[in-house]
Amino acid sequence: MNVIEINNLTKIYNESEVKVKAVDNVSLQFEQGEFAAIVGPSGSGKTTLLNMIGGLDKSTEGDIVVDGVKIGELKSSKLIDFRLRNIGFVFQAYNLIPVLTAKENVEFIMELQGKSRVERDERSIALLSAVGLGERVNARPAKLSGGQQQRVAVARALASKPKFVLADEPTANLDSKSTETLLDIMEQLNKEENITFIFSTHDQRVVNKARRVITVEDGHVVSDERRA
Amino acid sequence: MIWNISWKNVWRNKSRSLIVICAVTLGTVSGVFVAGLMKGWVDQRIHAAIYTEASHIKIQNPEYLNNEELKHTIPNYEEIENYLNNSDEVKDWTKHAKIVAMASTSRGNTALTLKGIDPVEEKSISDIYDFIIEDAGDYFESGFKNPIVISEKTADQLRLINYIISQELIDSLKQLGADEKLMASLSTIQDQRFITEKKFKAELESMLKPKQIKDYGAYIMKLAKNYKIRSKVRFTFTDIHGDMVQKSFRVCGIYKTYNTMFDQMNAFVKIDDINAIAGLQESDYHEITTILNNDSDESVKSFRDNLNKKFPQANIMTWKELAPDAGMMSDFMTIYYYIIMGVIFFALAFGIINTMLMAVLERIKELGMLMAIGMNKKRVFNMIMLETIFLTLVGSIAGMVIGGALIGIFGHFGLNFSTVQEGFEAFGWSAMVYPTIETSFFLGVTLMVIIVAIISSIIPARKALQLNPVEAIRT
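See the structure below:
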């Protein structure tokens, strides 16, 4: 069953009278439980594609259907709520709230969803334990390493029980060991809980782990390789 | 959680937040203290207006207001007396006979109103007896005939105050540690009588050094002042038949209130001492003053209205009508307090907006992330608004605590504006102020702070709401 359907998606930026096609007529489908990487050189359009899938950017043409909902047709407030309930985000620069502890950062998104204190408490500890930070739940981001912060970000992305997680260059700021740990955790969550992960990356380590690799060049999908 | 984030965000940049908090604290302290000071003044003025000058309700003959002739006495006095005696609303009341007279001594003269009173009854209505100056006689307690209580101002106009350097004064200066030269200089004018303050001052200035005057001048002036109690003052006035009559009274006490105008106009005698010579009969009185059990505005007005219905031929006025300055202050002072606080908070709002704008601009990436993961605009606005409220509330609570403490301290010990005493007293204001404040004022200020914070948060919050999450995360 398709979680995401992308149909003839095009994004054109109008910058100083020059029209730039960042994404050009892309059509893709993602099924539940995929572990996919969108790869390509800088400026190829992979982040723009990811932003449009996440409802952060509007397409110029085409549409994205998530779980039967055309997200391009949602009003701003509905789109924010849709993101809250359906999509998990992991950013390159972690983007944790510095004044909150690891546990509070994970809990925060659940509070936005209106989850009870007990549920928030249990799930945040469970997720932080799953990403190997069960002992650091009360640490603030400044007291965590880059790899640990990104693991908190993964836990936060999963806290809302999303239909899929979008990770934009999640390993770009991490060393090899942290990258390996993070990818192992995400792969394990993907296999055990059947969570869909879509990465935009040009990190070969991520590409090696991915079971589907979509290559984008100049806004076009040039290859879509599925691995066993 | 939003409350938690907002509170923690306040302390992200401690030094910047503390600067704003200090500014809000100082502003609140100033506002609260000024409001307390004004309330202290106003309360004293209102107390004086009621308990020294007017009472809650005054009943007069309407004609007397236009023409202060003795014949314009209160109509139906017995009925009014009976009504007041049987009213549960009345705490105490008394009656006065009033005669406009010319007072004279061998050295001076002045015009004033002689108020014929019953000293015992009067004590339950008016606190004039509390204003008798120390060492300046008493309030009708001396046994001599035809006693009169006059003000210090009147005593000065009648030249009943003089200045003498006595041996006692020199001895007390010695005990204070004054130098021998000062006492030697003062000895040269010992026991010499100066009939005006001006002449005595001039003499001191000619013989003493500026430093000696600065250190001991006020003390010497105070101790050298000598009130001529038991002096005879002759009064000339027109009796009820229109004939000129004269009567002498002996000064038994000298008072001084905070209201120079009142002091200048009023002298008190026993009612029995003037009724006969003025040709007034028993039950001929010019005013009745009453103190009510309930001093609320509504109660006073309602009692006045009842009296008006029952005695339409009499003129009945509340203290607010008799002392409109105090009445106006009583009515509008609360608004003034809030205007003062409003002006202060208006000025502070610019600082608060600036700080919050900086706080938003340096967190663009974080705000973008929050919006991306699903924090809606309402929550973003609430978070920034709460942050602004916390920032402002911390400062204002600190300001209210410090301001309240200052009011408590100065309310106990008083604040003396003696350097401008004459100016204050010309308008009926006391130079010694005891600041005071009502608890409800603090609640009002807290509410104002919250409103100011909400208004101040609009610009920074709008800035945050205009962010595009994608662009914000990229910064």
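Going down the list, the sequences are from chains A and B.
Just so we're aligned, residue 66 is where the first sequence starts under this note's numbering, counting upward by one.
Just so we're aligned, residue -4 is where the second sequence starts under this note's numbering, counting upward by one.
The C-beta atom is built at its ideal place from N, Cα and C for all residues, glycine as well.
Kindly list, in the order they appear in chain B, the residues whose Cβ is closer than 8 Å to that of residue i.
i, result
"A/S107", "By Cβ distance, chain B contributes nothing, its closest Cβ being about 13 Å from A/S107, past 8 Å."
"A/F173", "M(-4) and I0"
Rounded to whole angstroms, what's the CA-CA distance from residue i to residue j? Just pull it up for me.
i, j, result
"A/F95", "A/T261", "8 Å"
"B/P480", "B/M328", "Residue 480 of chain B lies beyond the stretch modelled for chain B, which goes from -4 to 470, so this question has no answer here."
"A/E245", "A/R270", "8 Å"
"B/F244", "B/V144", "9 Å"
"B/I454", "B/K373", "14 Å"
"A/L239", "A/K208", "16 Å"
"B/I468", "B/N371", "16 Å"
"A/K111", "A/V286", "10 Å"
"B/V19", "B/K251", "42 Å"
"B/M324", "B/G439", "19 Å"
"B/D122", "B/Y72", "25 Å"
"B/I334", "B/V396", "20 Å"
"A/S243", "A/S107", "23 Å"
"B/I445", "B/W(-2)", "15 Å"
"B/F405", "B/N303", "43 Å"
"B/V375", "B/I368", "12 Å"
"B/D125", "B/E136", "13 Å"
"B/I120", "B/I45", "9 Å"
"B/D326", "B/I269", "39 Å"
For residue i, go through chain B and note every residue whose CB falls closer than 9 Å to its CB, in chain order.
i, result
"A/D146", "G369 and N371"
"A/L149", "I368, G369, M370 and N371"
Who pairs with residue i in a beta bridge, going by DSSP?
i, result
"A/I129", "A/I71"
"B/P319", "For B/P319, which the question treats as bridged, DSSP gives no partner whatsoever."
"A/T113", "Paired residue(s): none; A/T113 is not in a bridge."
"A/R228", "For the sequence presented, residue 228 of chain A should be read as Lys rather than Arg. Bridge partners of A/K228: none, in fact."
"A/A101", "A/I263 and A/R277"
"B/P142", "B/R245"
"B/M239", "B/T233"
"B/M178", "Beta-bridge pairing links B/M178 to no other residue."
"B/A106", "B/M97"
Taking Cβ-Cβ distances shorter than 9 Å, what residues in chain A pair up with residue i?
i, result
"B/K475", "Residue 475 of chain B lies beyond the residue range present for chain B, which begins at -4 and ends at 470; the question has no answer from this structure."
"B/R7", "P163 and V164"
Can you check which of these residues, the options, is closest to residue i by C-alpha distance?
i, options, result
"B/A98", "B/I54, B/H67, B/G274 and B/T233", "B/T233"
"B/E417", "B/I235, B/D186, B/M256 and B/D166", "B/M256"
"B/A331", "B/N4, B/G31, B/V5 and B/K9", "The question names Ala, yet the displayed sequence has Tyr at residue 331 of chain B. For B/Y331, the nearest C-alpha among the options comes from B/G31."
"B/T414", "B/S425, B/I165 and B/G26", "B/S425"
"B/E64", "B/N288, B/A131 and B/I235", "B/I235"
"B/K176", "B/I16, B/Q207, B/K110 and B/D151", "B/Q207"
"B/M260", "B/N104, B/T434 and B/G132", "B/N104"
"A/S265", "A/L254, A/L115, A/D289 and A/A222", "A/L115"
"B/V428", "B/S435, B/T434 and B/F419", "B/F419"
"A/I129", "A/L161, A/N90, A/L254 and A/E234", "A/N90"
"B/T387", "B/L442, B/S435 and B/H407", "B/L442"
"A/N203", "A/V164, A/S241, A/G211 and A/A224", "A/V164"
"B/N254", "B/Y78, B/K148, B/S391 and B/K66", "B/K148"
"A/S92", "A/I69, A/S109, A/I77 and A/F100", "A/I69"
"B/D174", "B/D210, B/Q187, B/L199 and B/E200", "B/D210"
"B/N310", "B/W6, B/S25 and B/I75", "B/I75"
"B/L164", "B/I266, B/A400, B/I184 and B/L21", "B/I184"
"B/T383", "B/A393, B/L401 and B/M351", "B/M351"
"A/R188", "A/R148, A/S225, A/D283 and A/P235", "A/S225"
"B/I450", "B/G394, B/L343 and B/A421", "B/L343"
What in chain A is Cβ-close to residue i, meaning under 7 Å?
i, result
"B/V415", "In chain order: nothing, as chain A lies at least about 52 Å away."
"B/M364", "F156 and N160"
"B/K360", "N160"
"B/P319", "Correct list: empty, because the minimum Cβ distance to chain A is about 57 Å."
"B/I384", "Within 7 Å Cβ-Cβ: nothing; B/I384 doesn't reach chain A, min ~17 Å."
For a contact meaning CB atoms closer than 8 Å, what does residue i contact in chain A?
i, result
"B/K3", "V164 and L165"
"B/R374", "L177"
Interface residues of chain B around residue i at Cβ under 7 Å?
i, result
"A/N116", "V465"
"A/D249", "Within 7 Å Cβ-Cβ: nothing; A/D249 doesn't reach chain B, min ~24 Å."
Touch check for the region 247 to 257 of chain A and the region 67 to 83 of chain A: three-plus C-beta pairs under 8 Å?
Judged by Cβ distances under 8 Å, the region 247 to 257 of chain A makes no contact with the region 67 to 83 of chain A, as fewer than three pairs qualify.
Counting pairs of Cβ atoms below 8 Å between the region 351 to 362 of chain B and the region 47 to 59 of chain B, do you hit three or more?
These segments do not touch.
Is the region 300 to 318 of chain B touching the region 39 to 49 of chain B in the sense that three or more CB pairs, one from each, lie closer than 8 Å?
Judged by Cβ distances under 8 Å, the region 39 to 49 of chain B makes contact with the region 300 to 318 of chain B, as three or more pairs qualify.
Using 8 Å as the threshold, is the region 224 to 237 of chain A in touch with the region 146 to 157 of chain A, meaning 3 or more CB pairs across them?
Output reads yes: the region 146 to 157 of chain A touches the region 224 to 237 of chain A.
Taking 8 Å as the threshold, find out whether the region 160 to 180 of chain A comes into contact with the region 133 to 145 of chain A through three or more Cβ pairs.
With a cut-off of 8 Å, the region 133 to 145 of chain A and the region 160 to 180 of chain A do not count as touching, because too few Cβ pairs lie within range.
If you pair each beta-carbon of the region 146 to 162 of chain B with each one of the region 212 to 229 of chain B, do three or more pairs fall below 8 Å?
With a cut-off of 8 Å, the region 212 to 229 of chain B and the region 146 to 162 of chain B count as touching, because enough Cβ pairs lie within range.
Contact between the region 200 to 214 of chain B and the region 180 to 187 of chain B is defined here as three or more beta-carbon pairs at a separation below 8 Å; is this criterion met?
Contact holds between the region 200 to 214 of chain B and the region 180 to 187 of chain B, because three or more Cβ pairs, one in each stretch, are under 8 Å apart.
I'd like to know if the region 117 to 132 of chain A and the region 189 to 207 of chain A are in contact, where contact means that at least 3 CB-CB pairs between them fall below 8 Å.
These segments do not touch.
Can at least three beta-carbon pairs, one atom from the region 85 to 96 of chain B and one from the region 271 to 291 of chain B, be found at a separation below 8 Å?
Contact between the region 85 to 96 of chain B and the region 271 to 291 of chain B is established, with three or more Cβ pairs separated by less than 8 Å.
Say whether the region 340 to 352 of chain B touches the region 97 to 107 of chain A, bearing in mind that this needs 3 or more beta-carbon pairs closer than 8 Å, one atom from each stretch.
A contact between stretches requires three or more CB pairs, one per stretch, nearer than 8 Å, and the region 340 to 352 of chain B fails this requirement with the region 97 to 107 of chain A.
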